[in-house]
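Engineer:
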Amino acid sequence: MKKNTTQPRAGFTLPEILITMGISVLVTGSTLVFFLYALNIFYYDAAKNLVNRDIRKFTSELSDNATDANYFQIYPNFSNRTATTGTITTSTNLVDRQSGDMLVLIYKDRNNVDTVNRIVGYYRAPVQINNVSSEGPVRKFDIRFNPGVDATTTQIHTLLPASSTYSTNPEVIELSKGLSSGRLFYNDRGRNILVNGEIIKRGGRGGTRYEYATNTYNFTVSPRG
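In structure tokens:
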């Protein structure tokens, strides 16, 4: 009778299993970290492209509208209609070389220079946190007046949209910070408008530091007068 000489197959020992599992965890974890990092970089690059696009669009639109305007008025913000700077005569005290968060471009009626046929406004609408303004969207309004309507050059503050429309006017920039004393628009001697701000974009979900892209913009426009 032949003896069975086949040896039983040895299995993995517990230490070998633990070492293999540890290596697998390390490889999987490293792969996941790299994937998340690459994903965040992708979100950041996408947001940066959107920031640059918004800067080009905002600069072009504001330059075109400002060039066609006859003059401008800058107010502290959308809710505060007391003018702090400007070149026209109104019932308010105007102070040159001041900054504000709302710019109003005024267009005179060609047939009657004492009346207005259009106003275009840009204003930053920041969120208030503990009575301190943070970033917020830049919104726009565009109002045209029919001939014969009593819209005079000395009543600009009465032509502005109601304060209740603060958050309903369309956005032109998603998020922005003002960099001129915390505000967006600065009047340079009543002739030029200096726009100094920062555009912020969220590039993806989660709000991690990789997903926020920012860029500053600083340019000057001048109404034709």
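Numbering of the sequence shown is given in our numbering, commencing with residue 885 and proceeding in unit increments. Built from N, CA and C at the ideal position, the CB exists for glycine as well. Since the structure is predicted, the reported quantities are computational estimates derived from the model, not experimental observations.
#1: Taking the alpha-carbon of N936 as reference, which of D998, I1057, P899 has the nearest alpha-carbon?
#2: Where does the unbroken beta strand (DSSP E) through L987 begin, and where does it stop?
#3: Taking 8 Å as the cut-off, does the stretch 934-948 touch the stretch 1068-1088 (at least 3 CB pairs, one atom from each stretch)?
#4: Got a sec? Which residues, its chain only, sit under 7 Å from P1054 by beta carbon, not counting five neighbours each side?
#5: Throw me the rounded Cβ distance for the R1108 and D952 pair, which I believe falls under 8 Å.
#6: Using three-state DSSP, classify L978 as helix, strand or coil.
#7: What number of angstroms, rounded off, separates the C-alpha of L910 from the C-alpha of V917?
#8: With DSSP as the reference, label E1058 as helix, strand or coil.
#9: In the structure shown, what three-state DSSP assignment does Y1050 receive?
#10: For P899, is the classification buried or exposed, using 16 other Cβ atoms within 10 angstroms of its Cβ as the cut-off for buried?
#11: Quick test of your reading: N961 and G984, contact by CB under 8 Å. State the CB separation rounded to the nearest angstrom.
#12: Between the alpha carbons of R1008 and F919, how many angstroms are there, rounded?
#13: Taking the Cβ atom as the reference point for each residue, do A1035 and L1043 lie within a distance shorter than 8 Å?
#14: Measure the beta-carbon distance from I1027 to I990 and round it to whole angstroms, keeping in mind my assumption that it falls under 8 Å.
#15: Out of curiosity, what's the CA-to-CA distance linking T971 and T999?
#16: S983 by DSSP, collapsed to three states: which one?
#17: Could you tell me which residues DSSP pairs with Y1006 in its beta bridges?
#18: Taking just the CA atoms, how far does A931 sit from A1097?
#19: Within 10 Å of its beta-carbon, does L902 have 16 or more other beta-carbons around it, so buried, or fewer, so exposed?
#20: Under the three-state reduction of DSSP, which class applies to G1081: helix, strand or coil?
#21: Would DSSP call G951 helix, strand or coil?
#22: By DSSP, does A930 sit in helix, in strand, or in coil?
#23: Between N1076 and T1104, how many whole angstroms is the CB-CB distance? I'm expecting something under 8 Å.
Structural biologist: In this structure, then:
#1: Minimum Cα distance to N936 is reached at I1057.
#2: Here the beta strand (DSSP E) through L987 covers 986-993.
#3: A contact exists between the stretch 1068-1088 and the stretch 934-948.
#4: Here the set comprises R1023, K1024.
#5: The Cβ separation is near 7 Å, so the contact holds.
#6: In this prediction, L978 scores a pLDDT of 43, lower than 50, which makes its location untrustworthy; the coordinate-derived value is nonetheless stated afterwards. Three-state DSSP puts L978 in coil, outside helix and strand.
#7: Their backbone Cα atoms lie some 10 Å apart in a straight line.
#8: Strand, per DSSP.
#9: Reduced to three states, the DSSP call for Y1050 is coil.
#10: Looking at its Cβ environment, which holds fewer than 16 other Cβ atoms inside 10 Å, P899 is exposed.
#11: Correct: roughly 7 Å between the Cβ atoms.
#12: Roughly 37 Å separates the two Cα atoms.
#13: Result yes, Cβ atoms of A1035 and L1043 sit closer than 8 Å.
#14: Between I1027 and I990 a beta carbon distance of about 11 Å is seen, past the 8 Å cut, so the two are scored as non-contacting.
#15: Its pLDDT being 44, under 50, T971 is placed unreliably by the model, and the measurement read from it follows with that caveat. Roughly 16 Å separates the two Cα atoms.
#16: DSSP places S983 in strand when its eight states are reduced to three.
#17: Answer by DSSP bridge pairing, in chain order: L987, K1024.
#18: Here the alpha carbon of A1097 sits roughly 6 Å from the alpha carbon of A931.
#19: Here L902 is exposed: its Cβ has fewer than 16 other Cβ atoms, across all protein chains shown, within 10 Å.
#20: The answer is strand: DSSP assigns G1081 an E or B state.
#21: It is Thr, not Gly, that sits at residue 951 in the sequence shown. Of the three classes helix, strand and coil, the one that applies to T951 here is helix, per DSSP.
#22: DSSP places A930 within a helical segment (H, G or I) once states are collapsed to three.
#23: Right, the Cβ-Cβ distance comes to about 5 Å (below 8 Å), so this counts as a contact.
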